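For the sequence shown, counting from 1, position 45 maps to 60 in the numbering used here; every step adds exactly one.
Note that CB positions come from ideal geometry on N, CA and C, so glycine has one too.
Only a predicted model underlies this, so the values are computations on that prediction, with no experimental measurement involved.
So the structure is just underneath, and the comments pick up after that.
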Amino acid sequence: MLNPMDVPVYLWEKGAPVLTPLTNFKRTPLKTYYLQKNYGGNNEPWMHLVDETYDYGPSSVGVRQRDAKSDVWGKRKAEIERRKAEGGNRKDYDNAILEGKPKSYLLSQNYPNPFNPKTFIEYTIPKDGHVRIEVYNQNGQIVDILVDGWQKQGIHLVSWNAERKASGIYFYRFKTDGFQEARKMVLVR
């Protein structure tokens, strides 16, 4: 079992992760935490949002989550971490499906936000179906399509690398059978 005090924990402050001792964390609503795995002394760049109580397992960071909007309960394993450890390709783990049984659609706020140049978008779908996630600029033009295809029920994570995009406000829209939602994100150079 991994000692939780040995896991680097970052608090997102003023657009940057700040290493914070685990003992400083209290369970509070509206606070955002990020975890970063460490393999053989090398910090992985991927951070996982933790918005509720959490626990740790030998092969992944587990999260106990209750989201009132989506009514998602249970321990979620960071499948993306396992795929990275097994040498999966970038597409394989950037679009990893995380465990869970959502009961409604949910589009989470991207994290980090503001970001430079990469951000993550988590969404849940309660049943198998076609999903499309588009990124728009302020003029309403589509600048990227992150997801466009059939997906299984569950919690999903996709990343957007805006390395070749200009600083500014962007919007991402999640569309699926009978549901759509959009959110704003900020790219800062």
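Measure the Cβ-Cβ separation of TYR185 and VAL162 and say whether it is below 8 Å.
No. Outside cutoff.
Range covered by the beta strand (DSSP E) that runs through ASN131
Boundaries for ASN131: no beta strand (DSSP E) harbours it, and the DSSP string shows neither H nor E there.
Of the residues ALA181, ASP159, ASN131 and THR134, the one placed nearest ARG147, counting alpha carbons only:
Of ALA181, ASP159, ASN131 and THR134, the residue nearest in Cα terms is ASP159.
Only counting the same chain, and skipping five residues up and downstream in sequence, which positions put a Cβ closer than 8 Å to that of VAL201?
ASN128, PRO129, PHE130, GLY183, ILE184 and TYR185.
Are SER119 and PRO141 touching if we call contact CB-CB under 8 Å?
In contact: SER119 and PRO141 (Cβ atoms closer than 8 Å).
Boundaries of the beta strand (DSSP E) in which TYR120 is found, first to last residue
It is not in any beta strand (DSSP E) - TYR120 carries neither H nor E in the DSSP assignment.
C-alpha gap between GLU178 and PRO132, whole angstroms:
Each residue's Cα considered, the two are about 5 Å apart.
Using three-state DSSP, classify GLN195 as helix, strand or coil.
GLN195: strand per DSSP, three-state reduction.
Determine the contact status of ARG198 and GLN124, defining contact as a CB-CB distance below 8 Å.
With contacts defined by Cβ atoms closer than 8 Å, ARG198 and GLN124 form a contacting pair.
Anyone know if the C-beta pair for LEU172 and GLU196 falls short of 8 Å?
Not closer than 8 Å, so no.
Classify GLY169 as buried or exposed, calling it buried when 16 or more other Cβ atoms lie within 10 Å of its own Cβ.
So GLY169 ends up on the buried side.
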